[in-house]
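I have placed the structure first, in the form of structure tokens, so that the comments after it can refer back to it.
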Ligand code: DWN
């Protein structure tokens, strides 16, 4: 196997989470009587460019095709984050009705709707048909295709160039990374801007966020590696921010290398130095992760089995992809966690991949009154703990499991 960026041979195993079904492959009632596919979940480290990565065990077209389970608007916190981004960008850069804003992986229009509401021309690019159709109901012009160099060339041919090109939580989902970044180079106008957000591998390692490892996350980025990738493809990253979203993400701001309209912020060198001081350009930095992951696993299993033996009822709240990685790596099934709850209509009535725990709508909590509620998307912990305050009436206890078991 070779590194998807620098093509060096991949010799270093970062972590092996065993075989698991893809974390967003929710099952219908009928699917429970059929075979269920599991794939290896092995993560490798390139010892040349330090890109942490998973081979394309499951074809990305089968993951993000017709039906995708994740809708960006399913979490208020994320929609608020997108709205704040739009307001910040309009303050900082001259984005107006004469400009074109293009978002790659625009999902259900959660972000572009805020530019559209201001009369700024937008174009969404979204491969999942169900999400693209929701965006179109919000009057967001959406191309229902995967983004790549070919699509970029086609758009350029018909006169579409991006003055602002946005990509949030998409770069990690792209097997052919070089083709994707080449496509952005084609689509971005001469003095155009790129902003991209993606989970920061430094935070994943520091906070033991192994549950964010799943088949659709092909790459896990440090700033050192992202900077090398963008420089290689003729971009300059002129600013970077560390964000709290999704367990700790980076937002990068990039431009064409020959565009001198933006000054390079000190933030760029500061973060490069921080990562180098943290020895993220050394293999040793990436070693020992599995031991911490296993410690989290056994402490969670001990907790859940003890509650079960006491006759307690445990539910999961938030049928996130990360919950499925956690449950499948820990071998948790519907005997220890009896049900899950989620506000996403698409997920309700379906079953979690691997564990086959049924997903219910939120009212199921009040009708069943579980003693223990394990919050899957710990990245929305505060929002969810507040939302579930009513469960205290029957003495429910709320927990998260990452980075370690904590009560809230
Ligand atoms: O990269 C990705 C990240 C951004 O989102 C995607 N590949 C997949 C997805 O990962 P995830 O499913 O782990 O993401 P979330 O946003 O942590 O999932 C939250 C889940 O919890 C959703 O199914 C919605 C649900 N939810 C809920 O039921 N009630 C969320 C909140 C805040 C709530 O109050």
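In the numbering used here, the protein residues as written are 381 to 788.
Built from N, CA and C at the ideal position, the CB exists for glycine as well.
A distance below 7 Å separates the beta carbons of residue 627 and residue 759.
For residue 398, the enclosing beta strand (DSSP E) starts and ends at 392-400. Checking the 6 Å criterion, the Cβ of residue 611 is out of range of every heavy atom belonging to ligand 1. One Cα belongs to residue 526, the other to residue 505, and the distance between them is close to 7 Å. It is roughly 33 Å from the alpha-carbon of residue 509 to the alpha-carbon of residue 608. Shortest gap from the CB of residue 698 to any heavy atom of ligand 1: under 6 Å. Here residue 590 is near residue 673, since their CB atoms are less than 7 Å apart. Shown here, residue 679 sits in a helix according to DSSP, grouped into three states. Apart from the 5 residues on each side of it in sequence, residue 623 sits with its Cβ closer than 6 Å to the Cβ of 629 and 631 in its chain, given in chain order. In the displayed model, residue 744 falls within a helix according to three-state DSSP. If you look at residue 484, you'll find it isn't in any alpha helix (DSSP H); it sits in the beta strand (DSSP E) that goes 481-484.
Unbroken beta strand (DSSP E) stretches of 3 residues or longer found wholly inside the segment 470-528: 481-484 and 502-505, given in chain order. Here the segment 520-536 makes contact with the segment 551-571; the two share three or more CB pairs at distances below 8 Å. With respect to the 7 Å criterion, residue 635 and residue 618 are classified as neighbours on the basis of their beta carbons.
Ranking 736, 752 and 770 by CA distance to the CA of residue 743 puts 770 first. Assigned with DSSP and collapsed to three states, residue 542 falls in strand.
Between residue 753 and residue 695 the beta-carbon gap is near 5 Å, inside 8 Å, which marks them as a contact. By the neighbour-count criterion, in which a residue is buried when 16 or more other Cβ atoms sit within 10 angstroms of its Cβ, residue 730 is buried. For ligand 1, no non-hydrogen atom lies closer than 6 Å to the CB of residue 782. Residue environment: residue 678 is assigned as exposed (fewer than 16 neighbouring CB atoms within 10 Å of its CB, all protein chains considered).
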